[in-house]
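The structure under discussion appears below in the form of structure tokens.
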Amino acid sequence: MRSDRASVKGRAPHALRRLRKCATSLATLPALRMRLSQILISTLRDDPADAEIPSHKLLARAGLIVKIAAGVYTFAPLMWRTVKKFAQIVREELDREGANEVMLPIMQPKELWVSSGRWDRYVNDGIMFTLKDRKGSDMCLGPTHEEVMTAYVNAQVNSYKQLPVNCYQIQDKFRDEIRPRFGLMRGREFIMMDAYSFDADQPGLDAAYQKMRNAYCRIFERCGLAYTVVQADSGAIGGAGSEEFMVIADSGEDSILFCRESGYAANVEKAVSKLPPAPAGGEPKPLQTIATPDVKTVAQLEAFFPGWTAARMAKTVLYHVTWKAKAKVVAVMMRGDLEINEVKLTNALDALAVRLATDDEIKAATGADVGFAGPVNLPEDVPLLADESLQGVTNLLTGGNKTGYHCLDVNLGRDCRMPSWKELRTARAGEGCPVSGKPLEQARGIEVGHIFKLGIKYSKAMGATFMDQGGKPVPFVMGCYGIGVSRTPAAAVEQSFDDKGIVWPPAIAPFECVVAMLDPKRDEQVALADALYAELKAAGVDVCLDDRAMSPGAKFKDNELLGFPVQVFVGRKAAEGGVEFLVRKGMQKSECAAAEVKAKVLAALGR
RNA sequence: CGGGCUGUAGCGCAGUUUGGUAGCGCGACUGGUUUGGGACCAGUAGGUCGCCGGUUCAAAUCCGGCCAGCCCGACCA
């Protein structure tokens with residue numbers, strides 16, 4: 002090796018030496034300037050027709066993202082700078098916790114997914130992009146990387162002495178979303194950081210999880226985002242816990258409930274609440290069946306039976322439930338004034354999926370048309386679940402299981418089977434916080450991060466084990482952790498914009514500062530702008546020089562739209578050393594002397 | 001997967017009802033005049049009207065099929 006190297010160098014081929022001579026010496030190159038005139042920027046005057054939410058409109062109008070297909074985008078140079086800056090923050094904070102950055106393949110063989118048992122489900126759900134290679138072998142584009150990472154670590158780690166291990170990557174992900182929308186928020190190709198921790202036992206996992214949680218908090222804090230950590234549904238996987246990091250924004254796809262008093266916060270999919278009890282039904286009365294033609298909804302029943310409030314009614318909703326090997330129609334009872342949470346229902350049944358039964362399925366299962374389902378005389382083969390809110394409630398009003406009839410004074414267990422009690426209710430704003438009892442508040446959130454205690458689901462399925470101290474093979478105890486790397490900058494825009502355009506948080510702005518010469522044909526403006534650029538650059542500011550030939554008005558508008566946090570305009574007062582200074586957030590504009598610029602920029606950036 | 005809407009120049013749109021051989025604004029290009037809030041004047045280029053088929057002397061326009069995109073539904077017993 003050593004001698005090979007030396008000899009190659011010593012006998013460099015003639016042609017290679019010539020090549021070297023052609024290269025320009027670095028010392029003779031002019032100082033590097035980030036000039037906007039050399040960066041591909043194409044802002045639009047109008048909002049694109051297909052954009053709905055502010056971040057999508059603004060990112061598209063600023064030319065920062067360009068759609069190539071539904072949910073598939075090109076990142077323009079300035080946007081890519083932003084994404085790279087965010088990715089770098091993610092890297093720094095994960096590395097601080099001892100995680101290892103790797104790069105896993107996007108294209109993956111079917112066998113890997115079969116080994117974890119996920120191939121059929123992902124293919125049937127249509128969420129995975131699949132393809133065949135020239136030999137006809139099935140491949141897929143990774144929607145997530147548990148399989149690859151588990152296989153990788155399993156192959157490298159044999160002993161408990163090598164644990165814990167935490168690896169992550171920042172990589173393109175592919176999911177064939179049912180409905181791609183909102184620009185970068187829900188794309189079919191997107192960038193994600195996914196990390197996976199491997200521990201010997203549960204306490205190890207708990208510690209790994211906590212480290213990641215801390216890192217995530219630092220990441221979103223550094224970006225200047227208003228975010229909250231909420232309890233999240235952990236899906237059919239179960240597990241000890243899962244939390245989501247939510248950026249608060251009106252356009253968020255998730256609904257969260259929270260309490261200022263106790264700090265309780267949860268995704269509505271998971272949230273629980275304290276509920277005012279239903280009005281007392283009194284001592285059990287005899288069951289009655291009453292003709293209620295065309296009365297099908299709770300609202301109609303309240304009108305039909307004056308005095309009966311929805312809280313004393315029990316609606317019976319029929320669901321078509323799918324498990325791995327079977328499917329069935331299930332009856333679910335809920336207090337009339339409350340709503341069923343389908344995520345909780347799916348979990349309670351340990352099912353793959355639930356959906357409302359069709360009219361035909363309802364008729365087949367209950368013998369009655371839609372609107373008249375109830376527990377009384379419900380066929381034995383239809384499982385009966387009920388929400389805990391109905392527990393102990395006497396003399397209920399329910400459907401009669403017969404078209405055109407409802408039952409009054411139904412008492413569960415007496416007039417029908419005793420249902421299986423579950424917590425199935427959707428918590429709502431205004432109901433009591435489960436911790437403090439104070440009314441819960443509601444907000445919309447954009448999920449930018451999700452951390453998850455996986456346990457041994459994948460390691461067990463895939464036979465990924467290490468040798469413990471007793472010399473026995475034991476499955477890894479895993480955690481997985483994701484951050485939407487392309488989504489988070491979009492969420493930042495969603496949280497920070499005004500009528501003039503984007504207002505980037507400094508930490509992830511394409512540039513922290515722009516120095517714009519309003520007339521690049523005037524030597525004194527060019528010279529002053531260039532000097533200020535050099536001074537700011539030397540002071541560690543990520544600055545660019547706007548030397549584009551445009552009218553002053555256009556230049557103001559363009560920079561406002563692009564949203565650089567600090568903007569310095571060199572114009573007609575350049576000869577006297579005067580410039581204009583703009584803090585984009587709040588649009589505070591002032592004039593100052595060139596000599597003050599550096600201090601003002603650093604102050605505006607909080608340094 | 002259902003329901004609705006849309007597809008005409010790089011972008012935003014009109015024209016389709018009542019068929020007659022394609023237009024507006026922005027943008028682009030050339031020349032000139034400009035230079036503090038998306039400048040002005042003159043000129044130029046750019047469109048198989050999403051695709052395929054049908055009706056017709058004639059189709060952006062009418063009919064059929066397909067494709068693409070967007071919005072909504074997925075709390076109703």
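Numbered according to the numbering used here, the first sequence spans residues 2 to 608. For each residue, glycine too, the CB sits at the ideal point set by N, CA and C.
### Message
Using C-beta distances below 8 Å, list every residue in its chain close to Val91, excluding the 5 sequence neighbours before and after it, in chain order.
### Response
Ile171, Met194, Ile220, Ile484, Val486
### Task
Determine the extent of the beta strand (DSSP E) in which Tyr169 is found, giving its start and end residues.
166–175
### Query
Per DSSP, Asp499 forms a beta bridge with which residues?
Answer is Gly502, bridged to Asp499.
#### Entry: Cβ distance (whole Å) where Phe512 is taken to contact Asp543 below 8 Å
5 Å
### Query
Using the C-alpha atoms, what's the distance from Asp520 back to Ser552?
8 Å
### Nearest residue (CA-CA) to Gln289, options Pro181, Asp416, Ala279, Tyr169
Asp416
### Message
Taking the straight line between their C-alpha atoms, what separation do you get for Arg336 and Val67?
### Response
48 Å
### Query
Taking Ala156 as the reference, which of Ala600, Phe565, Met468, Asp524 has the closest Cα?
Met468
### Query
Taking Cβ positions, are Tyr161 and Ala201 nearer each other than 8 Å?
Ala201 sits close to Tyr161, with the two beta carbons spaced by under 8 Å.
### Query
Is the CB-CB distance between Ile503 and Ala63 below 8 Å?
A Cβ-Cβ contact shorter than 8 Å links Ile503 with Ala63.
#### Entry: In DSSP terms, what Gln443 is bridged to
Leu258
### Task
Examine the ligand NAP and report whether any of its heavy atoms sits within less than 7 Å of the Cβ of Leu132.
Absent from the structure shown: the ligand NAP. Ligands present: none.
### Inter-residue CB distance, Thr323 and Ala352 (contact presumed, cutoff 8 Å)
Contact between Thr323 and Ala352 holds, since their C-beta atoms are separated by about 6 Å, short of 8 Å.
### Task
Determine the extent of the beta strand (DSSP E) in which Gly485 is found, giving its start and end residues.
478–485
### Task
Please name the residue in Tyr406, Arg180, Phe453, Cys168 whose C-alpha comes closest to that of Gly99.
For Gly99, the closest alpha carbon among the candidates Tyr406, Arg180, Phe453, Cys168 is that of Cys168.
### Task
Measure the beta-carbon distance from Arg356 to Tyr406 and round it to whole angstroms, keeping in mind my assumption that it falls under 8 Å.
Tyr406 and Arg356 do not touch by the CB rule: their CB atoms are close to 26 Å apart, not below 8 Å.
### Task
Tell me whether Val115 is buried or exposed, calling it buried when 16 or more other Cβ atoms sit within 10 Å of its Cβ.
exposed
### Task
Tell me whether Asn101 is buried or exposed, calling it buried when 16 or more other Cβ atoms sit within 10 Å of its Cβ.
Burial state of Asn101 is exposed, judged by a 10 Å Cβ sphere holding fewer than 16 other Cβ atoms.
### Query
Which of helix, strand or coil does DSSP assign to Tyr153?
Here Tyr153 sits in helix by DSSP.
### Message
To test your reading of the DSSP string, which unbroken beta strand (DSSP E) runs of 3 or more residues are found completely within the stretch 377–444?
### Response
Taken in chain order, the complete beta strand (DSSP E) segments of 3 or more residues contained in the stretch 377–444 are 385–388, 397–400, 406–411, 421–423.
### Query
Which first and last residues belong to the alpha helix (DSSP H) in which Tyr210 is found?
203–223
### Query
Is Pro179 buried or exposed, if buried means 16 or more other CB atoms sit within 10 Å of its CB?
The sequence given here places Ile at residue 179; Pro does not occur at that position. Exposed, because fewer than 16 other Cβ atoms sit within 10 Å of the Cβ of Ile179.
### Task
Within 10 angstroms of the Cβ of Met314, are there 16 or more other Cβ atoms? Answer buried if so, exposed if not.
It is buried - the Cβ of Met314 has at least 16 other Cβ atoms within 10 Å.
### Message
Restricting to Cα atoms, I'd like to know which of Phe557, Val166, Ala300 is closest to Thr310.
### Response
Ala300
### Query
Any idea if Ile257 is buried or exposed, counting beta-carbon neighbours within 10 angstroms, 16 or more meaning buried?
buried
### Message
Please report the straight-line C-alpha distance between Thr298 and Phe306, rounded to a whole angstrom.
### Response
12 Å
### Query
In three-state DSSP terms, what is Glu284?
coil
### Closest by C-alpha distance to His451, when choosing among Ala600, Thr489, Glu432, Lys439
Thr489
### Task
Select from Lys403, Leu562, Phe246 the residue whose C-alpha is nearest the C-alpha of Val296.
Lys403
### Query
Among the residues of its own chain, which have a CB less than 7 Å from the CB of Leu59, if the five just before and after it don't count?
Val494, Phe498, Gly502, Ile503
### Message
Classify Asn268: buried if its beta carbon has 16 or more other beta carbons within 10 angstroms, exposed otherwise.
### Response
buried
### Task
Spatial neighbours of Leu61 within its chain, please: CB distance less than 7 Å, with the 5 preceding and 5 following residues excluded, ordered by chain position.
Here residue 61 is Ala; the residue named in the question, Leu, does not match the sequence. Within the same chain, Ala61 has close Cβ partners Pro49, Ala52, Gly184.
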